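*Asks:*
Chains as they are written, first to last, in my numbering: chain A, 24 to 210; chain B, 137 to 270.
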């Protein structure tokens, strides 16, 4: 009798602990009730040639749909010291790129994926890195360091296109993931 | 002591108004540098500045133009931080290179500040330019 009780207590505890884990793995956790025009796994691809040239010379051109407007505004006001690099622009170009980013930012995008990025961010938080947003962390928390920082062909999570072969087209679909040196990602 | 040095200078330096008349982009940039005080242009000085390392605070404590572009102008480079490949700098293997004044000035400004901690002088830019173009 005593033993049965102990076992069911264990089962109960384990069950209780696993429920939130299963739930937080469910993508719906990041969604609201709204309908989005684009139900795909992607964000809008970058087509603007000025943006591609100016913001795609040192790294892939990140889609504006990967960060909310506040974050882009903050980033654009400090391009002279941009993650330790100098990305400064003349005033005219800076203005036109800021306008483009704000009009297509994660919180204004009608791509479902983009909204997940913006929804995961606390109201009073203004992250400058996509790779530091809660939604990003949530999607990447199972990937061991040796595949990222310990991987000379990746170096950091900032380099989306090192693993997401179609990141530049705005697609983060699991079928397009190849981790250099490790190959396809299978859950 | 002074004489060999003088000869050396005469051999490798050219007056800024008499170089590379076959390229309008380069010429007009060189003229604008001359207007800002550059006098002799010297490709070897450009090469020296390109390969020289400059101390810096922060993630990369020894910086040089070659950190991202490599010392071999005909070879592709790679951004030290982001890993992104950079096309070769030499116009002889990459016809897109050094074709747009605004672009050249933009990158001189950024890359001099990052590498050397300050903007380049007109003289330094003139030397870089003839070294890269030659």
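For glycine and all other residues, C-beta sits at the position ideal for the given N, C-alpha and C. All values reported here derive from a predicted model rather than from experimental measurement.
Taking C-beta to C-beta, are residue 264(B) and residue 185(B) nearer than 8 Å?
*Replies:* Going by C-beta atoms, residue 264(B) is nearer than 8 Å to residue 185(B).
*Asks:* Under the three-state reduction of DSSP, which class applies to residue 54(A): helix, strand or coil?
*Replies:* Confidence at residue 54(A) is low in this model, with a pLDDT of 42, below 50, so its placement is unreliable and the value that follows should be read with caution. In the structure shown, residue 54(A) sits in coil (DSSP, three-state: anything other than H, G, I, E or B).
*Asks:* Alpha carbon to alpha carbon, how far is residue 247(B) from residue 87(A)?
*Replies:* Near 25 Å, if we compare the C-alpha coordinates of residue 87(A) and residue 247(B).
*Asks:* Could you tell me whether the Cβ of residue 109(A) comes closer than 8 Å to any Cβ of chain B?
*Replies:* By this cut-off, residue 109(A) is an interface position.
*Asks:* Distance cutoff 8 Å, beta carbons only. Does residue 58(A) sit that close to anything in chain B?
*Replies:* Its pLDDT being 47, under 50, residue 58(A) is placed unreliably in this model, and the value from its coordinates should be taken loosely. So, not an interface residue.
*Asks:* Please confirm whether residue 120(A) and residue 76(A) have their CB atoms less than 8 Å apart.
*Replies:* Result no, Cβ atoms of residue 120(A) and residue 76(A) do not sit closer than 8 Å.
*Asks:* Which stretch, first to last residue, makes up the alpha helix (DSSP H) that contains residue 266(B)?
*Replies:* That run of the alpha helix (DSSP H) goes 258-269.
*Asks:* Bridge partners for residue 177(B) per DSSP, in chain order?
*Replies:* Paired residue(s): 150(B).
*Asks:* Can you tell me whether DSSP reads residue 130(A) as helix, strand or coil?
*Replies:* Looking at residue 130(A) - three-state DSSP - the assignment turns out to be helix.
*Asks:* Whose C-beta lies closer than 7 Å to the C-beta of residue 183(B) among residues of the same chain, with five residues either side of it excluded?
*Replies:* Cβ within range, chain order: 267.
*Asks:* If you compare alpha carbons, which of 147(A), 201(A), 68(A) and 197(A) is closest to residue 127(A)?
*Replies:* Minimum Cα distance to residue 127(A) is reached at 68(A).
*Asks:* Let me know if residue 139(A) comes out buried or exposed under the rule of 16 or more other beta-carbons within 10 Å of its beta-carbon.
*Replies:* Residue 139(A) is buried by the Cβ-count criterion.
*Asks:* If we define contact as Cβ-Cβ less than 8 Å, is residue 214(B) a contact residue for chain A?
*Replies:* No, residue 214(B) does not count as interfacial toward chain A.
*Asks:* Which ranges would you report for the alpha helix (DSSP H) in the stretch 176-251 of chain B if only whole runs of at least 4 residues count?
*Replies:* For the stretch 176-251 of chain B, whole alpha helix (DSSP H) runs of length 4 or above, ordered along the chain, are 179-187 and 202-205.
*Asks:* Helix or strand or just coil, what does DSSP make of residue 45(A)?
*Replies:* Unreliable placement is indicated for residue 45(A), whose pLDDT of 32 sits below 50; no coordinate value is reported for it.
*Asks:* In angstroms with no decimal places, state the Cα-to-Cα distance between residue 221(B) and residue 232(B).
*Replies:* Residue 221(B) and residue 232(B): Cα-Cα distance of roughly 15 Å.
*Asks:* Between the alpha carbons of residue 195(A) and residue 173(B), how many angstroms are there, rounded?
*Replies:* Distance between the alpha carbons of residue 195(A) and residue 173(B): 52 Å.
*Asks:* Short check: CB of residue 123(A) to CB of residue 111(A), under 8 Å?
*Replies:* Contact: no.
*Asks:* For residue 224(B), which residues in the same chain have their Cβ closer than 7 Å to its Cβ, ignoring the five residues on either side in sequence?
*Replies:* These residues qualify, in order along the chain: 209, 210, 211, 212 and 230.
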